[in-house]
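Remarks on the structure that follows.
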Amino acid sequence: MDNAQLQNIRSQFPILDRTVYNKPLVYLDNTATSQTPKRVVDAIDASYFHTKANVHRGVFSISQEATDLMEQTRCRVRDYINASSEQEVIFTRGTTEAINLVAASWGGTFLHDGDEIILTVMEHHANIVPWQLLRNRVKFTIKVVPINEKGELDIEAYRNMFTERTRLVSFTHVSNVLGTVNPVKEMTAYAHRQGAVVMVDGAQAVPHMKVDVRDLDVDFYAFSSHKMYGPTGVGILYGKKDLLEAMPPYQGGGEMISHVSFNGTTFAELPFKFEAGTPDFVDIAAFPRALDFINEIGMDNIAAHEQELLDYTTARMISEIPGVRIFGTAPHKSAVISFLLGDAHHYDTGMLLDKLGVAVRTGHHCAQPLMQALGVEGTVRASFAVYNTREEADKFIEALKKVNSILNRI
Ligand code: PMP
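In this text, residue positions in the sequence shown follow our numbering: the first is 102, and each later residue adds one.
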């Protein structure tokens with residue numbers, strides 16, 4: 102990506118011009134949430150100012166316009182992930198709600214006492230706790246796939262975990278801590294041969310790579326708009342239609358019914374069966390502008406640019422920051438760098454970096470079991486998006502040197 106293109110991209114994100122402690126902001130917490138281009142915020146404005154009316158209900162014009170905008174987004178998402186039908190695209194609040202939906206509805210119906218499910222040690226809490234909550238009611242066993250020293254899943258161990266009681270495998274496409282890109286297609290094919298259903302947490306994949314749910318052949322796939330330049334409050338659950346049709350509603354209320362009486366209620370068709378209440382239709386309507394942004398640049402260009410920043414920054418950290426420890430060194434890795442400066446506390450490192458204008462994440466990153474496996478309490482995490490530059494990587498390295506000299510006297 103040339104400099105002119107990068108500057109053009111950056112100019113679409115007003116927040117990138119701000120300062121922190123009188124230093125230009127270097128935003129490296131894209132794994133937690135990405136920034137939002139102006140066109141997405143303009144679309145939100147336009148909805149509030151011109152088309153705000155509740156969806157799927159009104160006969161009047163602006164209600165129909167609002168409904169059309171929401172349903173156009175569903176079709177855009179269908180095409181974006183290559184789902185077979187828009188009925189397979191459920192709007193949720195985010196990845197977390199999407200996984201909770203599957204755990205409560207699919208898990209609550211199809212998991213029974215004595216069954217087994219497989220998760221991995223690198224899961225975000227969003228793909229651990231919903232299953233544990235369900236386990237309070239259904240006595241199934243959770244098996245956990247370990248990782249090797251590079252932060253890759255132990256696929257041999259994974260294969261050996263299956264028994265005739267394995268009903269489900271649920272794992273992340275890309276680790277939010279290690280950056281590891283997991284072999285979803287192969288893992289899914291193996292699980293299917295064993296008769297298990299596959300749920301994938303795609304929160305960290307969809308912003309950085311092309312995802313084709315039919316090619317992967319996953320049964321469920323979840324992701325969040327706010328991590329891919331889109332608005333907050335919008336998540337997607339993709340599910341294969343036959344599975345979704347066999348599942349009971351997750352929440353009850355308006356929008357999801359066909360007919361209600363006190364003698365009983367019948368439910369709406371897919372996807373509305375899973376969308377109780379007023380959806381976040383304003384943000385949903387704005388989400389396609391984020392997809393436009395990605396498509397204009399091209400996902401291959403985004404991935405190449407981020408990969409270049411990852412390689413450049415990692416190499417400089419290893420050669421120029423004495424005592425740095427990087428967690429996650431898989432060859433197939435997304436642009437996330439988790440690290441510690443010697444024995445310095447992650448929180449101190451993050452706080453000092455902030456004083457130098459660099460925004461990074463510190464802590465357990467909602468992956469405490471992974472922290473335990475790594476033998477640390479937390480890490481510092483720098484993560485890149487398409488608008489980050491090599492100059493920002495340089496500022497990050499210079500800031501790291503200063504922080505290292507303060508905390509480790511190096
Ligand atoms: N899974 C992964 C891998 C994540 O990184 C995150 C966000 N940190 C989530 C799930 C949860 O996403 P959300 O908060 O948007 O529901």
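Beta carbons are placed, not taken as given, at the ideal position from N, Cα and C, and that holds for glycine.
Judging by CA-CA distance, which residue of the options is the nearest neighbour of residue i?
| i | options | result |
| --- | --- | --- |
| A436 | L454, L234, Y488 | Y488 |
| P423 | H151, G331, L441 | L441 |
| A387 | Y149, P125, H226, I110 | Y149 |
| A258 | S484, I248, T267, T480 | I248 |
| F263 | H225, L279, I218, L234 | I218 |
| R260 | A290, V319, T273, L453 | A290 |
| V301 | F192, V282, L454 | V282 |
| D401 | A468, K311, E376 | K311 |
| Q113 | A483, K342, K139 | K139 |
| K240 | R266, F485, N131, E287 | R266 |
| H225 | H465, V307, A205 | H465 |
| L338 | Q173, R179, S135, R510 | R179 |
| V459 | V245, F497, I256, I200 | F497 |
| N509 | A494, A445, T490, K456 | A445 |
| R175 | R158, V246, I385 | I385 |
| I116 | A105, R236, Q106, Y128 | Y128 |
| D103 | N277, V121, I403, D255 | I403 |
| E346 | I507, N228, L371 | L371 |
| E187 | K341, Q106, V246, G479 | K341 |
| V481 | A468, K251, V142, M357 | A468 |
| A154 | L170, V142, V141 | L170 |
| S185 | I419, L317, L235, I200 | L317 |
| N201 | G252, L234, N277 | L234 |
| E493 | S325, H213, L126 | L126 |
| V477 | E499, S439, L453, A377 | S439 |
| G215 | I243, T196, N228, V190 | I243 |
| A133 | V285, H213, S326, G354 | S326 |
| G252 | L453, F428, G479 | F428 |
| M452 | I507, D143, E172 | I507 |
| L344 | T366, Y330, F375 | F375 |
| A377 | Y122, H151, A144, H157 | H157 |
| H213 | M223, S271, R238, V190 | R238 |
Tell me which residue opens and which closes the alpha helix (DSSP H) that residue i is part of.
| i | result |
| --- | --- |
| T415 | 400-421 |
| K502 | 491-509 |
| V314 | 314-317 |
| R119 | Careful: R119 lies outside any alpha helix (DSSP H) and carries neither H nor E. |
| A105 | 104-111 |
| V477 | No alpha helix (DSSP H) contains V477, which DSSP labels as neither H nor E. |
| I145 | 139-147 |
When DSSP labels each residue in this structure, what does residue i get in the three-state scheme?
| i | result |
| --- | --- |
| H466 | coil |
| R358 | Before going further, note that residue 358 is Ile rather than Arg in the sequence given. Of the three classes helix, strand and coil, the one that applies to I358 here is strand, per DSSP. |
| L254 | strand |
| Y541 | The requested residue 541 does not occur in the structure, where the chain is confined to residues 102 to 511. |
| Y128 | strand |
| T379 | coil |
| I229 | coil |
| A306 | coil |
| P389 | helix |
| M329 | coil |
| K374 | helix |
| T264 | coil |
| Y291 | helix |
| V224 | The sequence as given places Glu at residue 224; Val does not occur at that position. Of the three classes helix, strand and coil, the one that applies to E224 here is coil, per DSSP. |
Taking the DSSP output, what are the residues bridged to residue i?
| i | result |
| --- | --- |
| Y517 | With the chain represented from 102 up to 511, any question about residue 517 goes unanswered, as that position is not in the structure. |
| K434 | T281 |
| T210 | In the DSSP output, where bridge partners are listed per residue, T210 has none listed. |
| L442 | V425 |
| F368 | I358 |
| A483 | I438 |
| I395 | Note: I395 sits in no beta bridge, so no partner. |
| I248 | L254 |
| V459 | V127 |
What are the boundary residues of the beta strand (DSSP E) that includes residue i?
| i | result |
| --- | --- |
| I218 | 217-221 |
| I427 | 425-428 |
| R268 | 267-273 |
| K240 | Per DSSP, K240 belongs to no beta strand (DSSP E) and is neither H nor E. |
| A133 | Element bounds for A133: n/a, residue is neither H nor E. |
For chain C, check one thing: does any of its Cβ atoms lie closer than 8 Å to the Cβ of residue i?
| i | result |
| --- | --- |
| E253 | Looking at the structure shown, chain C is missing, and only one protein chain is on hand. |
Please determine whether the Cβ atom of residue i lies at a distance below 7 Å from any heavy atom of the ligand NAD.
| i | result |
| --- | --- |
| N131 | The model on display carries the ligand PMP but not the ligand NAD. |
Can you list, in chain order, the stretches of the beta strand (DSSP E) that have 3 or more residues and sit fully within the segment 149-206? The qualifying runs are 190-193.
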